[in-house]
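Numbering (this note's numbering), first residue to last: 1 to 247.
Every residue gets a Cβ at the ideal spot worked out from N, C-alpha and C, and that includes glycine.
Down below is the structure, laid out as structure tokens.
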């Protein structure tokens, strides 16, 4: 029953909603629940309606290049916002780090996460697609650094984004998975047998950046939302969801 509720929650946060009114934000999957809470608080404080479309950073980036009607991009990395700024798809000077992510190993069945990862017979390992999801890229960076990639690559299963990676391991379709630390606060997450936060030094920083997109250059509400990400109210929400903040 809890797994069904968890899958319903995943489906809810992944549902896109686009409109020409208010502010429309493209949000990296790992940040979906925090973004929903931030948007609600922002709307209460300002009266400005916010709509969210969630997805992997790489896929959202491709949609923006192809003219998707987003006003703000909350990426899970700094690479894509920089590229958008350089190509003229984002407004120069609006790019800023809004959160620092972290990577964890999670399992509902293994008693020791690092040991299960190293066990060649330890079952499937879930991670997000490294081509489109920064958290998946960070997972492979860690595995390569630790000399584990050759072994893990033969039993890896890839989620389209970090939410799907968590879905694989939470439903038992993978024995262990690399997920975002922020996902540990999901209310319907099944009980973990083990959780282990990877050393921050073992992969490149998951610096998550926001940027105002060119189509919204004159959208005051969109600019106010980016500024709101720097507020104490936003920082409190971010910290509660397991993110580091830049003050």
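CA-CA distance, residue i and residue j?
i, j, result
"residue 233", "residue 243", "14 Å"
"residue 185", "residue 241", "6 Å"
"residue 110", "residue 194", "6 Å"
"residue 55", "residue 147", "30 Å"
"residue 103", "residue 114", "13 Å"
"residue 68", "residue 22", "15 Å"
"residue 248", "residue 108", "This structure cannot settle anything about residue 248, because the visible part of the chain is limited to 1 through 247."
"residue 121", "residue 168", "18 Å"
"residue 37", "residue 89", "27 Å"
"residue 132", "residue 75", "11 Å"
"residue 221", "residue 178", "35 Å"
"residue 245", "residue 150", "34 Å"
"residue 100", "residue 231", "15 Å"
"residue 138", "residue 166", "15 Å"
"residue 187", "residue 144", "32 Å"
"residue 39", "residue 236", "14 Å"
"residue 219", "residue 155", "47 Å"
"residue 201", "residue 140", "14 Å"
"residue 45", "residue 53", "21 Å"
"residue 87", "residue 41", "32 Å"
"residue 123", "residue 83", "38 Å"
"residue 130", "residue 196", "20 Å"
"residue 66", "residue 112", "44 Å"
"residue 47", "residue 60", "26 Å"
"residue 204", "residue 85", "22 Å"
"residue 191", "residue 215", "43 Å"
DSSP state of residue i, grouped into three classes?
i, result
"residue 167", "helix"
"residue 4", "A caution first: residue 4 carries a pLDDT of 45, below 50, which makes its placement in the model unreliable, though a value can still be read off. In the structure shown, residue 4 sits in a helix (DSSP, three-state: H, G or I)."
"residue 232", "helix"
"residue 10", "Because residue 10 carries a pLDDT of 46, less than 50, the predicted location of this residue cannot be relied on, and no value is offered for it."
"residue 242", "coil"
"residue 237", "helix"
"residue 30", "helix"
"residue 188", "coil"
"residue 99", "strand"
"residue 177", "strand"
"residue 210", "strand"
"residue 105", "strand"
"residue 227", "helix"
Verify whether the separation of the beta carbon atoms of residue i and residue j is less than 8 Å.
i, j, result
"residue 213", "residue 223", "no"
"residue 157", "residue 174", "yes"
"residue 176", "residue 238", "no"
"residue 135", "residue 206", "yes"
"residue 78", "residue 161", "no"
"residue 159", "residue 210", "no"
"residue 31", "residue 208", "yes"
"residue 26", "residue 64", "yes"
"residue 198", "residue 98", "no"
"residue 152", "residue 117", "yes"
I believe residue i touches residue j by the beta-carbon criterion, under 8 Å. Please report the beta-carbon distance rounded to the nearest angstrom.
i, j, result
"residue 24", "residue 73", "That belief does not hold up - the Cβ atoms of residue 24 and residue 73 are roughly 10 Å apart, past 8 Å."
"residue 182", "residue 34", "6 Å"
"residue 96", "residue 226", "7 Å"
"residue 91", "residue 217", "5 Å"
"residue 94", "residue 80", "No, residue 94 and residue 80 are not in contact; Cβ-Cβ is about 14 Å, not under 8 Å."
Kindly provide the ranges of any beta strand (DSSP E) runs that are 3 or more residues long and lie completely inside the region 121-174, ordered along the chain.
125-128, 156-159
Curious, which full-length beta strand (DSSP E) runs of at least 3 residues does the region 29-93 contain?
50-55, 72-74
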